[in-house]
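Chemist: Okay, here's the structure, questions in a sec.
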Amino acid sequence: MRQKHAWKICLVWLTCLFSSGAAALELDSFSGGLVPGSELILFEDVGAELDFEQARAQLSVAGLPWVAPGQPNLGYRRSALWVRVDLNNRFEEPRDWVAYIGFPNLDRVDFYYQDSDGAWQSHAAGSALPFRARHLMHRSINFEFQVPPSEAMSIYFRVESTGSLQFPLALASTTFFASEAQRTLFTSGLYYGLMLMIAIYSLGVWYTSRESGFLYFALVVVFGSLYSLSTQGLAYQYLWPEAPGWANRSTGVFSLIASVAGILFVRSFLNLKSLDHRLDRAARLFAVLAALGVVASLVVASSLVNRMALGFVAVFTLLVTVSGLLAKRRLVRAARFFVSAWTILLIGILLELLQRMGVIIPPLLAYNGIQIATLAAVTVLALGLSDRLQDMMEGYKSAQHDLLRANQLKIDALQQADNVKEEFIANVSHELRTPLTGIIGLAEIMLADRSSDLNASQRETLTLMKVSAQRLSSLVNDVIDFSAIKSGHLSLNKRDVDLKQVCAVVARMTRPLVGDKPIKLAESYPAARIIVEGDEDRLQQVLFNLVANAVKFTPHGTVTIAVEVLELDVRVSVRDTGIGISAAEQSKIFKRFYQIDSDEARQAGGTGLGLSISQRLLELHDSEIVLRSTPGEGSLFYFDLPLKKTLPETKKTGRSATHGSSQDARDVIASKPTELAAAVQATGMSVERRSNQGPLDIDADAIAEGESGSKGARGQMQGKILVVDDEYLNLRIVESHLADQYQLTTALSGAEALEKLSNEKPDLIILDLMMPIMTGYQFCQIVRKRYDSDDLPIVILTAKNRVEDLVKGLSLGANDYITKPFSKEELRIRIDKQFELLNLTHVKRDNQRLSWQLQRYEESEKRLREREQRLAALLDVTGDPLLAIDEAGIVIFINNAAEQLLQVNGESCLQQSVNRVSDQLLPRSPALADAVHFPFNEDRISRPGNTEYFDFELETVSGRFCLLTLSQVDQEFYLLVFETSVARTVSQEQESEAPDTLSLPQIIEEINRNVERTQLLGEYLSQIKPEDLRKHKDLADELGHIDKLITHLSGTLIPDDDDNSELKYREALVKVMQDCHYYWQKVTGESIIDLAEKSRIWSVSIDNGRLRTRSMNRYLSLDKLPANPRWRQVARTAYFVLSKVSADEEARKSLETSVANLQEIVEQKALN
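For the sequence shown, position 1161 matches number 1161 in UniProt numbering, and the numbering has no gaps at all.
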């Protein structure tokens, strides 16, 4: 009642001040819209109880005209407002008019008017009613009615709302209303389109940079726009026209959400945490309370929601204002953008608050001020975020540049050191082969000469000399191959190879190794000739290593060489009945320098490189060596090669029988050079391989052809040179100087040279300048349009020796310039240098491709070291002094008790040789220092199941220690466990009290036993066949127990993220194969069938007359991927495709990235 009287007194005062009465609203020739002001007669129904007739009477008696500026705005009231508008129609024909209210958030508006018959009609619309209740589909609350011609009439409105009570009424003709609706819809679409673009841009930047400020800014823009859509009625019109309840409360809900996002954006943008921690706490508290307010707004009354939203917005305004001023005062870089934007937005917010509270504001600013301010503020803040992003990117680029530079320096240093080492090994090895070949050949000639007067002692001496030289030659060959494999320079000379012939040759070469051993060397081959594609020398080398190892580790029994034809492959196997290989050593036997720890291995000697080199050679053939062995029963080594074809047996083919172990004597007569070469090849011990170094090999055909043939062979290996000169004599001089080293092609004119260049590209061009028709300069320009100086070097050879000629030639693309006359030595040195530079260019390109791989190796090694330390640290459970050493004698763990006992610094000892600890112990305890010295004495290493302790004295401390071995699948540790006398007494007392407690040696024994169990179980499970399950039905039940054990262990031991890592592993496999398929088709234009056939990695079959590769297709989809995919096949496919599409930069980078990701995941799985 008090509010009612106050409002009436204010209205009466305004009425007396501005006007003495209300006039009718004239409807004349004006075709636009009319905004009634003083023509409005208002009456407040405080109880909202009057019906239409009662309200008409009250308006006639107590109604007051609205004489204040603008239109009625009464703030938040629960009363009903009755409004009357008197109209005076000046038109002489009937006209349709529209009455519309520009504030669409009113709950209900009832409209009363008289029709042409004088009867009163009523219509209702508002945010509390469905949108379809409105006459016209427009965001405003509108009513369509007709005014009789040349007559006066009155229209009535009843307005009721739980929110702000405003009545911005306007009248317009239907034509004007339609055009105005189109105009406002266009401006609104433009505004919200700009806001949507800004939001999408901010989300995109957040997604790429993960800077939270962009996410909060996007949320502010989105929910601020939704708030604006709700206040303008557009959301109710287009988004939820059938949800009037939500339309009433959506404005408050969106303003609360926008406040939460806004305060979080301010915290991120101005970095309130470092600016002022008290202000930051206030902002976080406000965000929490506002979030709770959002939840509460979904259940409380809509009138309370809007008022609660006003309160939060007011507090938000205060917090943001204080934050902006404080940041400006402390000269924060982002503050200048923020304060400018906030000032603009603050004006819009204040206008909105004042308008909602009933303060009279001009209509343009009252209903559009917040949109105009928001758009301007958002634009300024977007500029500020862009400035911040640019500043962050500059910082990231600077840090990345420094990191890349440091890494590159490390890579360059490692590469340089590795290149020097490999070059030294290669040079020394090749220098040794020449005299060794001479020693072996001369010794065999002397031994084969039966007419000589050598006695038995002299023949024995020659034989020992030959065998020793052959053994040294074999070791040198291993070192050369190892160096070539490690540097990536080993290449294959693939062609069709008769695999049976290779096996027969190896069998004959290895018979001398049998000697007097009771060994039967057997051969088993198919009847037909087996043809495969490969390098015959390398396959012979692999098979010789396998057979030689079988003979070496078989004291008695049988060694069998067998060839078996499978469906699409051919399998070569070497089986023996020797000592066998333990499960622990099977995973290490293919590592370089590794040798089996047995008396037979120590007696046989060797470098431990044979199997490692053989495995690598087969990998170059897209295959691998597979090992099956049982200790005490023998071993089986086999590998598969793609079968190319089979041919009928010929008369010259070796027999497929089983041969004895005796060796036929060979009479070698070497009275000519060709016989010398034949004698060298006929040796039974030496496996001399063909080399790319030419002069170091002795070949019977080359010697027989004489010097010219030898020079031609060497020249073909060095490079091809195109010599262009119009003088025939000059061509012959150059040819005589270089023909013994290079393969030369000559041309007498530039045109002839271009024709030969189009047919075959040489490695280098020697060019004369002074030629008719086409000069050397012109020829050089044409060549440089097709080839750059790194790809095809050009050496100018001319009599013109002026400086300007030199400058002109080099500027046109020449690599070197030689003036006539010249010496043979100068020409050869210059040409040799160009080929060296050409080779270095190729090496540089390869190194750039391999640089990323070096970084991967460094990361893998680091993770491996961390894993070793973690494994060793897990064993520190008893508190006894403990020292863990890896296979190379490097300390990987030392606990505090060991540091105190040995009086050493643990940090300085880690990743260092254990001999440093031994050196520090030497003055105090020589015996203990000797025991700690690496390599350890075999007698001190405890055997499985038998822990041996040794006493020690260290100054005032005495006790005992043991040296244990901890075996893992791929590595082995040594553990030095010390036990002082005092600790030993305490331990014995504890054991008596708790006899079930395991000591550290017992724990180690259990770990080693579990590893052995796992390997044996995997081997036996892989050998189970369906017929075994049929014969032994109880075996299936036992396998069921294994499943239960695995299920139990997986539920208790396997980490939660195993599924996620497995999914990433499978996704990486599919990604690599999809990239291979895509870039193979894009670059080569060939199909997936061609890829499968040419790579020889995937099988191709014929189905309904069409070629298919189902095995490869399964790797192109995550759904079809096998349960146990073969990642090695995927990697081999990627490397094959890389070798074919490396010229395409996009394909190369994409494939290298995919392969690197797969390699990282595979390495992580292995480490885990």
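Note that beta-carbon positions come from the ideal geometry of N, C-alpha and C, so glycine has one too.
What you are looking at is a predicted structure, and each value in this text was computed from that prediction instead of being measured.
Going straight from the alpha carbon of F553 to that of I579, what length do you get?
Modeler: When rounded, the distance between both Cα atoms is 6 Å.
Chemist: May I ask you to verify whether the region 171–187 touches the region 107–124, counting CB pairs closer than 8 Å and requiring at least 3?
Modeler: Short answer: they don't touch.
Chemist: Taking the beta strand (DSSP E) that T558 falls in, what are its first and last residues?
Modeler: Run containing T558: 557–565, per the beta strand (DSSP E) assignment.
Chemist: What first and last residue would you give for the beta strand (DSSP E) that runs through K645?
Modeler: Here the beta strand (DSSP E) through K645 covers 634–647.
Chemist: Express the C-alpha separation of H842 and W1080 in angstroms, rounding to a whole number.
Modeler: Each residue's alpha carbon lies about 24 Å from the other.
Chemist: Between the C-alpha atoms of H556 and I1102, what's the straight-line distance to the nearest angstrom?
Modeler: H556 and I1102: Cα-Cα distance of roughly 48 Å.
Chemist: First and last residue of the beta strand (DSSP E) that includes H123?
Modeler: Taken as a continuous stretch (DSSP letters only), the beta strand (DSSP E) holding H123 covers 120–125.
Chemist: Could you tell me which uninterrupted alpha helix (DSSP H) segments, each at least 4 residues in length, are contained entirely in the region 745–799, listed from first to last along the chain?
Modeler: Counting whole runs of 4 or more residues, the region 745–799 contains the alpha helix (DSSP H) stretches 750–759, 776–786.
Chemist: Our contact map puts L165 next to L81 with C-beta atoms below 8 Å; I'd like the distance itself, whole angstroms only.
Modeler: So it is a contact: roughly 6 Å between Cβ atoms.
Chemist: Please identify the residue among G126, F157, P72 whose C-alpha is closest to the C-alpha of E53.
Modeler: It is F157 whose Cα lies nearest to the Cα of E53.
Chemist: Would L767 and L748 be called neighbours here (beta carbons separated by less than 8 Å)?
Modeler: No; because the gap between Cβ atoms is not below 8 Å, this pair is not in contact.
Chemist: Exposed or buried, which one is Y216 when buried takes at least 16 other CB atoms within 10 Å?
Modeler: Classification for Y216: buried.
Chemist: Do the region 234–241 and the region 130–149 make contact, defined as three or more Cβ pairs closer than 8 Å?
Modeler: Taking 8 Å as the limit for Cβ pairs, the verdict is that the region 130–149 does touch the region 234–241.
Chemist: May I ask you to report which of helix, strand or coil DSSP gives S303?
Modeler: Of the three classes helix, strand and coil, the one that applies to S303 here is helix, per DSSP.
Chemist: How would you write the range of the alpha helix (DSSP H) that G610 sits in, first residue to last?
Modeler: Here the alpha helix (DSSP H) through G610 covers 610–620.
Chemist: Please classify T1109: does DSSP put it in a helix, a strand, or coil?
Modeler: If DSSP states are grouped into helix, strand and coil, T1109 belongs with coil.
Chemist: Suppose you measure from the CA of T560 to the CA of Q586; what does that come to, to the nearest Å?
Modeler: Their Cα atoms are separated by approximately 20 Å.
Chemist: Measuring CB to CB, does R642 end up less than 8 Å from V532?
Modeler: It is worth fixing the name first, because residue 642 is Pro in this sequence and not Arg. Against a cut-off of 8 Å, the Cβ pair of V532 and P642 comes out as a contact.
Chemist: Quick test of the definition: if touching needs 3 or more C-beta pairs under 8 Å, does the region 37–48 touch the region 143–152?
Modeler: They do not touch, by the three-pair rule.
Chemist: With distances taken Cα to Cα, identify the nearest neighbour of T819 among D387, L566, N730, P923.
Modeler: Residue N730 is the option with its Cα nearest to T819.
Chemist: For a cutoff of 8 Å on Cβ pairs, would you count L754 as touching chain C?
Modeler: Among the chains in the structure shown there is no chain C, since it carries only a single protein chain.
Chemist: Taking C-alpha atoms, which residue in V220, V551, E160 lies nearest to P518?
Modeler: Measuring from the Cα of P518, the nearest candidate turns out to be V551.
Chemist: Taking the C-alpha atoms as reference points, what is the distance between K520 and A507?
Modeler: When rounded, the distance between both Cα atoms is 11 Å.
Chemist: What did DSSP end up calling F186 once you bin it into helix, strand or coil?
Modeler: It is helical.
Chemist: Measure the Cβ-Cβ separation of P36 and G102 and say whether it is below 8 Å.
Modeler: No, the Cβ-Cβ distance between P36 and G102 is not below 8 Å.
Chemist: Would you report the Cα separation of T558 and S468, rounded to the nearest angstrom?
Modeler: For T558 and S468, the distance between alpha carbons rounds to 27 Å.
Chemist: Should A382 go down as buried or exposed, given a rule of 16 or more other Cβ atoms within 10 Å for buried?
Modeler: By the neighbour-count rule (16 or more Cβ atoms within 10 Å), A382 is buried.
Chemist: Can you tell me which residues form a DSSP beta bridge with D45?
Modeler: Paired residue(s): A80.
Chemist: So S154 packs on V109, CB below 8 Å; how close in whole Å?
Modeler: That belief does not hold up - the Cβ atoms of S154 and V109 are roughly 17 Å apart, past 8 Å.
Chemist: How would you call Y1020, buried or exposed, if buried means at least 16 neighbouring beta carbons within 10 angstroms?
Modeler: Y1020 should be labelled exposed.
Chemist: In the DSSP assignment, what residue or residues form a beta bridge with R628?
Modeler: BP columns for R628 point to L636.
Chemist: Are D569 and D640 closer than 8 Å when you measure CB to CB?
Modeler: Yes, Cβ-Cβ distance for D569 and D640 is below 8 Å.
Chemist: DSSP beta-bridge partners for M446?
Modeler: According to DSSP, M446 bridges with nothing at all.
Chemist: So, are the CB atoms of Q232 and S161 less than 8 Å apart?
Modeler: Going by C-beta atoms, Q232 is not nearer than 8 Å to S161.
Chemist: Can you tell which of F143, G33, V295, L310 has the C-alpha that lies nearest to the C-alpha of T175?
Modeler: Nearest of F143, G33, V295, L310 to T175, Cα basis: G33.
Chemist: Using 10 angstroms around the beta-carbon of L928, count the other beta-carbons present and answer buried if the total reaches 16, otherwise exposed.
Modeler: Buried is the call here.
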